[in-house]
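Protein chains in written order, with this note's numbering: chain A, 7 to 428; chain B, 7 to 428.
Take a look at the structure set out below.
There are 2 protein chains.
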Amino acid sequence: MSTMTIGFLGCGNIGCGVYRLLKEQGEQIARNEGETFEIRRILVRSKGKKRGAEIPEALMTENPDDVLLDPQISIVMEFMGGEEPAASYMLRALEAGKTVVTANKMALATHWQELIHAARTHAAGLYYEASVCGAIPIIRAINDSLQANRITSVTGIINGTTNYILSRMTREGASYADVLADAQRLGLAEPDPTADVEGYDAAYKLSILSTLAFHRHVPVGSVYREGISGITPLDVQCGKAFGLTLKLLAIAKEVDGCVQARVHPAFVPDDHPLASVSDAFNAVYVSGHACGEMMFYGRGAGDMPTASALVSDLIKAAKTKNHQLPAVDELPAKMADDWACVHFVRMLARDEPGVLSVVSGTFARHGVSIASMVQKGETDSDGHVQLVFLTHRASERCVRQALGEMDRTLVSQVNVIRVERD
Amino acid sequence: MSTMTIGFLGCGNIGCGVYRLLKEQGEQIARNEGETFEIRRILVRSKGKKRGAEIPEALMTENPDDVLLDPQISIVMEFMGGEEPAASYMLRALEAGKTVVTANKMALATHWQELIHAARTHAAGLYYEASVCGAIPIIRAINDSLQANRITSVTGIINGTTNYILSRMTREGASYADVLADAQRLGLAEPDPTADVEGYDAAYKLSILSTLAFHRHVPVGSVYREGISGITPLDVQCGKAFGLTLKLLAIAKEVDGCVQARVHPAFVPDDHPLASVSDAFNAVYVSGHACGEMMFYGRGAGDMPTASALVSDLIKAAKTKNHQLPAVDELPAKMADDWACVHFVRMLARDEPGVLSVVSGTFARHGVSIASMVQKGETDSDGHVQLVFLTHRASERCVRQALGEMDRTLVSQVNVIRVERD
Numbered sequence: 007m008s009t010m011t012i013g014f015l016g017c018g019n020i021g022c023g024v025y026r027l028l029k030e031q032g033e034q035i036a037r038n039e040g041e042t043f044e045i046r047r048i049l050v051r052s053k054g055k056k057r058g059a060e061i062p063e064a065l066m067t068e069n070p071d072d073v074l075l076d077p078q079i080s081i082v083m084e085f086m087g088g089e090e091p092a093a094s095y096m097l098r099a100l101e102a103g104k105t106v107v108t109a110n111k112m113a114l115a116t117h118w119q120e121l122i123h124a125a126r127t128h129a130a131g132l133y134y135e136a137s138v139c140g141a142i143p144i145i146r147a148i149n150d151s152l153q154a155n156r157i158t159s160v161t162g163i164i165n166g167t168t169n170y171i172l173s174r175m176t177r178e179g180a181s182y183a184d185v186l187a188d189a190q191r192l193g194l195a196e197p198d199p200t201a202d203v204e205g206y207d208a209a210y211k212l213s214i215l216s217t218l219a220f221h222r223h224v225p226v227g228s229v230y231r232e233g234i235s236g237i238t239p240l241d242v243q244c245g246k247a248f249g250l251t252l253k254l255l256a257i258a259k260e261v262d263g264c265v266q267a268r269v270h271p272a273f274v275p276d277d278h279p280l281a282s283v284s285d286a287f288n289a290v291y292v293s294g295h296a297c298g299e300m301m302f303y304g305r306g307a308g309d310m311p312t313a314s315a316l317v318s319d320l321i322k323a324a325k326t327k328n329h330q331l332p333a334v335d336e337l338p339a340k341m342a343d344d345w346a347c348v349h350f351v352r353m354l355a356r357d358e359p360g361v362l363s364v365v366s367g368t369f370a371r372h373g374v375s376i377a378s379m380v381q382k383g384e385t386d387s388d389g390h391v392q393l394v395f396l397t398h399r400a401s402e403r404c405v406r407q408a409l410g411e412m413d414r415t416l417v418s419q420v421n422v423i424r425v426e427r428d
Numbered sequence: 007m008s009t010m011t012i013g014f015l016g017c018g019n020i021g022c023g024v025y026r027l028l029k030e031q032g033e034q035i036a037r038n039e040g041e042t043f044e045i046r047r048i049l050v051r052s053k054g055k056k057r058g059a060e061i062p063e064a065l066m067t068e069n070p071d072d073v074l075l076d077p078q079i080s081i082v083m084e085f086m087g088g089e090e091p092a093a094s095y096m097l098r099a100l101e102a103g104k105t106v107v108t109a110n111k112m113a114l115a116t117h118w119q120e121l122i123h124a125a126r127t128h129a130a131g132l133y134y135e136a137s138v139c140g141a142i143p144i145i146r147a148i149n150d151s152l153q154a155n156r157i158t159s160v161t162g163i164i165n166g167t168t169n170y171i172l173s174r175m176t177r178e179g180a181s182y183a184d185v186l187a188d189a190q191r192l193g194l195a196e197p198d199p200t201a202d203v204e205g206y207d208a209a210y211k212l213s214i215l216s217t218l219a220f221h222r223h224v225p226v227g228s229v230y231r232e233g234i235s236g237i238t239p240l241d242v243q244c245g246k247a248f249g250l251t252l253k254l255l256a257i258a259k260e261v262d263g264c265v266q267a268r269v270h271p272a273f274v275p276d277d278h279p280l281a282s283v284s285d286a287f288n289a290v291y292v293s294g295h296a297c298g299e300m301m302f303y304g305r306g307a308g309d310m311p312t313a314s315a316l317v318s319d320l321i322k323a324a325k326t327k328n329h330q331l332p333a334v335d336e337l338p339a340k341m342a343d344d345w346a347c348v349h350f351v352r353m354l355a356r357d358e359p360g361v362l363s364v365v366s367g368t369f370a371r372h373g374v375s376i377a378s379m380v381q382k383g384e385t386d387s388d389g390h391v392q393l394v395f396l397t398h399r400a401s402e403r404c405v406r407q408a409l410g411e412m413d414r415t416l417v418s419q420v421n422v423i424r425v426e427r428d
């Protein structure tokens, strides 16, 4: 039995969850894993604040040095959230030779190279299972279970807020704005929802996942990003007619030595395992050349699911003598600047002879071939009608070029959504 | 960089898969993990046999001692299948202080205590991720990611053959016998399909999973087992009408200190994540008090998926200095002898006034209350009609007792299928 002395950076909902879990399950963990933990100091912003766990005030401090400079603390758990000062504190902890366990995707993804470098230089451990998809052990799966694979793609629903919004839009035909307002009332979306709905949160997580999957650094800035705020009930409904379900996907693929990493709304076939991942659940679908297709599903957020992953990392950190850092090349990944997929294209077109021929002709000139087309609803009073096309697999750039050349006197309100079939 | 010298016991499809994967990915594994492997001897039944990998004949031997007694071999990989001689060979390897990596659920589940004891006594490692659900890292998830949880249930589709058969029966309305014959032609079912269709294979796997999840030994003999050979297209079809999908489930739960471990056909709601696990795919659904609901999905069999898990265990075994065995009490688990669930009861009843009252009265006397009833189809020429009941959550024993007392002049051909809703 060994006892590890640990410090907390932050003590919000997740920190309180970790505190409670360690109290409640401490005996089980000691019996099964041979590890006990003593929480020595907890950095908080305000000692007097009421919290979700009964924590002795003597443990709390408002001075980060009480955690970062205490030589007795060997593992620092960080759940302050946000980029700074979390990243600087983690760096200081690593530089002092302390092992860091974090749930902070933003600080980790944004300062990946510095943090890994500091951990390596000071032989400290850096554990971050909780930073991506809460309780789902996707980091372990990639690092510790799929090592013999060439991973070819990682496709995930890795933001619960947007999945909740799209699930309700799909079920109820409701508008984006209405469901967002509801989600905000229920505490499922932040008052400023930008980080979630514009895909930033998913981009941080995808940067981490794709870096690990392809063993080359994929900086957050290299992740293509598009949110869900432009999605209309009509898009969702037209997709349904083609047997497609709309999700905010985070997609990373390696094709011919180039990495694609992109977060955007995408349709998946209704019978794809990701299609049935609803509401606040997360799931990551991984393909490897030996393992084939796999999916990892669970609660991607929440105090206790995140605490479950943090404590699991804490136990692993405590047991590990020589911490292993992920095998990632120093050079960043070569990023793809174009990719091929099926495109769903919806447009408002003048309902007159020859329009379809003009549209399909423009697509054809750019090498984009049409797989199917449906007219949605009746011609409106202005003589316009909704047309929805599904292309065959086509280069994104060619589709954009074709749409850029469409005759705008004939078509307007063009909306493009990618379709992921594999 | 360290080099491990390894030996194989067996070299069928899975062994050849491991051989190919180590050749093909050896460089990546060396670069990323710092481990290289030298295959020193391979035990085969017949050296001359043609195999799925180009293996130098000099490596092969028909004498198990060449692997088991070679002091240079530190890790033995076993993929002979079957109980004996695999179990005895693994025991001998462990007793010689060699670490064992195995894909053999039957030998492992049947000889669990001996193998664990030998590993503990001789400080050897025992790794078996590949023994349950091929590439899916469910053993790692339970042992290394969910340690801070009280796991409350593990529910899986852990046999690909039966899932293929039930998926096709569901999609096509085909009979069990027809689909089985097809599966046999396609090599998806064995010429003697008993181990799969009667649930033995799933029972071995469930014994392992539940032992790990609840930290108490659940012997194979304590797993309740019922196969799918009695399932008719009518059952599948009647379930559909209630929004239910039929699966062969392996279920382990801990309720009030007693463990239920059971393999049997069961209906799940159509929108349950397990309902959409089709064909030869496997999935395990886990609930823990902190992590919430999780699901792990993937290819549960096949050479390369199984090889993926075996090589992952091999890497883990090579890197581990002090092998950890699962924390399982010496005493076997206290098993539940009854459990409560919703029951689907289909029967052929005389179509005459008062029958429903007799049936529901008999149920009521045993405390079984009916949630819904539908009559399926028209009255036949003998004056009988199919009645399908869904009970409220009821004790299995009470349902059996009630059915035992049904007036057999009024009802016949009674078929009961459990419904799992959580």
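Glycine is no exception: its CB is placed at the ideal position from the N, C-alpha and C atoms.
As the structure is a computational prediction, the values presented were derived from the model and not from experiment.
Grouping DSSP H, G and I as helix and E and B as strand, with all else coil, what is residue i?
i      : result
A/Q34  : helix
A/A289 : strand
A/V334 : coil
B/C404 : helix
B/K111 : helix
B/I144 : helix
A/G54  : coil
B/M412 : coil
B/K29  : helix
B/L15  : strand
A/Y182 : helix
A/A315 : helix
A/C22  : helix
B/P77  : coil
A/L132 : strand
A/G227 : helix
How would you write the range of the alpha helix (DSSP H) that residue i sits in, first residue to last?
i      : result
A/I122 : 118 to 127
A/D241 : 239 to 247
B/F220 : 206 to 220
A/L100 : 92 to 101
A/V82  : Unbroken run through A/V82 is the beta strand (DSSP E), 81 to 84; no alpha helix (DSSP H).
B/R156 : Per DSSP, B/R156 belongs to no alpha helix (DSSP H) and is neither H nor E.
A/V203 : 200 to 203
Specify, as a first and last residue, the run of the beta strand (DSSP E) that residue i falls within.
i      : result
B/T176 : Taken as a continuous stretch (DSSP letters only), B/T176 belongs to no beta strand (DSSP E), being part of the alpha helix (DSSP H) at 166 to 178.
A/T42  : 41 to 49
A/Q431 : With chain A covering 7 to 428 only, the question about residue 431 of chain A has no answer from this structure.
A/M301 : 298 to 305
B/L65  : Looking at the DSSP string, B/L65 is not in any beta strand (DSSP E), and its letter there is neither H nor E.
B/L250 : 250 to 261
B/R424 : 417 to 425
B/C264 : 264 to 275
A/A377 : 376 to 382
Residues in its own chain within less than 8 Å of residue i by CB, not counting five upstream and five downstream?
i      : result
B/V317 : V24, L27, L28, Q31, I35
B/I122 : L132, L331, P332, V334
A/S8   : G40, E41, T42, A324
B/L186 : I171, A195, P199, V203
If I measure Cβ to Cβ from residue i and keep anything under 6 Å in the same chain, skipping five residues before and after, which residues do I get?
i      : result
A/E299 : S293
A/A342 : C264, Q266
Report all residues from its chain with a CB closer than 7 Å to the CB of residue i; omit the five preceding and five following residues, and keep chain order.
i      : result
A/D285 : N169, Y170, S173
B/Y210 : K111, M112, A115, V226
B/R98  : L74
Give the residues from the segment 14 to 42 of chain A that approach chain C closer than 7 Å (Cβ to any Cβ), ordered along the chain.
-> As a matter of chain content, chain C is missing from the structure shown, whose protein chains are A and B.
Would you call the segment 265 to 272 of chain A and the segment 406 to 420 of chain A in contact, with 3 or more CB pairs under 8 Å?
-> no
Kindly provide the ranges of any beta strand (DSSP E) runs that are 3 or more residues long and lie completely inside the segment 318 to 364 of chain A, ordered along the chain.
-> 335 to 338, 346 to 356
Any chance the segment 153 to 168 of chain A sits against the segment 188 to 201 of chain A, with 3 or more Cβ pairs inside 8 Å?
-> yes
Inspect the CB distances between the segment 213 to 220 of chain B and the segment 144 to 151 of chain B and report whether three or more fall short of 8 Å.
-> yes
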